[in-house]
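**Q** Pasting a structure here, questions to come.
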Amino acid sequence: MAYSLTGLVLFLVAVLPVHAAVEIGKPAPDFEAVDIDGDTVRLSDLKGKRVVLEWTNHLCPYVQKHYGSGNMQATQEAARAQGAEWISIVSSAPDLQGHTDAAEAHAILEETGASPSVKILDESGEIGRLYGARTTPHMFVINESGTLVYAGAIDNKSSPNPATIDGAENYVLEALADMEAGHDVRTPLTEPYGCAVKYAH
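Its first residue numbered 1, the sequence shown is counted upward by one per residue in the numbering used here.
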């Protein structure tokens, strides 16, 4: 996907303080949705597994940074190799930037080589608002007990420039590694960065 500095003015970009609707150390809110394959997904059915929630918008330059470079795909593969479930969620409302139908969502997965466990189109924004998802990307990690253990940015480089990925601290992989080692997540909450989620008004 192309990256353009001049194109940034076309996007509503947000770097927001941490004030999520969910709380670290508390049960992650349950939800039920139909994925792009027409299958019902319930978060509660995944209890006993680690789960990563990723809010995404394929037209956002910050998302393009991570997919165009292969960083998000590599993070997905590493997470799933550990047995985690990865749920990509699009909360863009109809007629707003990043909204897709199921066919287009499948095409984007094929084009980017992404490998989430499932992808959900949250047109109403219900799931996004439930979690307080503010940006794309915005990441949440849930442990086997269904407890939220991480919320925030994918890494510590709040730039749309793919060159900043090298040497960045990947908070999602760090959280998964801490859980794998039996440790508390060392950085449980960070400030998300990216394009504002395009909720229905």
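For every residue, glycine included, the Cβ atom is placed at its ideal position computed from N, Cα and C.
In angstroms with no decimal places, state the Cα-to-Cα distance between S124 and G194.
**A** Each residue's alpha carbon lies about 20 Å from the other.
**Q** Just to confirm the assignment, what range does the alpha helix (DSSP H) spanning T56 have?
**A** Premise fails: T56 is in no alpha helix (DSSP H) and is neither H nor E.
**Q** Could you please give the first and the last residue of the uninterrupted alpha helix (DSSP H) stretch that includes H106?
**A** Element bounds for H106: A102 to T112.
**Q** Quick one: is V63 buried, meaning 16 or more other Cβ sit within 10 Å of its Cβ, or exposed?
**A** By the 10 Å Cβ count, V63 comes out buried.
**Q** Is the distance from the Cβ of S69 to the Cβ of I165 below 8 Å?
**A** Yes, these two residues count as a Cβ contact at 8 Å.
**Q** Does the beta-carbon distance from P116 to S91 come in below 8 Å?
**A** Their beta carbons are not under 8 Å apart, which means P116 does not touch S91 by this criterion.
**Q** So which of L189, T56 and S145 has the shortest CA-CA distance to A105?
**A** Answer by Cα proximity: T56.
**Q** Measure the C-alpha to C-alpha separation of A78 and M72 and round it to an integer number of angstroms.
**A** Taking the straight line from one Cα to the other gives about 10 Å.
**Q** I think W86 touches E54, with their Cβ atoms under 8 Å apart; what is that distance to the nearest whole Å?
**A** Going by Cβ atoms, the distance from W86 to E54 rounds to 7 Å, so yes, they are a contact pair.
**Q** Measuring alpha carbon to alpha carbon, tell me which of P137, E174, R42 and T112 ends up nearest Y67.
**A** Minimum Cα distance to Y67 is reached at T112.
**Q** Is the beta carbon of T187 sitting closer than 8 Å to the one on E174?
**A** Closer than 8 Å, so yes.
**Q** Short check: CB of V51 to CB of L59, under 8 Å?
**A** Going by C-beta atoms, V51 is not nearer than 8 Å to L59.
**Q** Give, in chain order, every unbroken run of the beta strand (DSSP E) that is at least 3 residues long and sits entirely within the region 126-156.
**A** Counting whole runs of 3 or more residues, the region 126-156 contains the beta strand (DSSP E) stretches 138-142 and 148-152.
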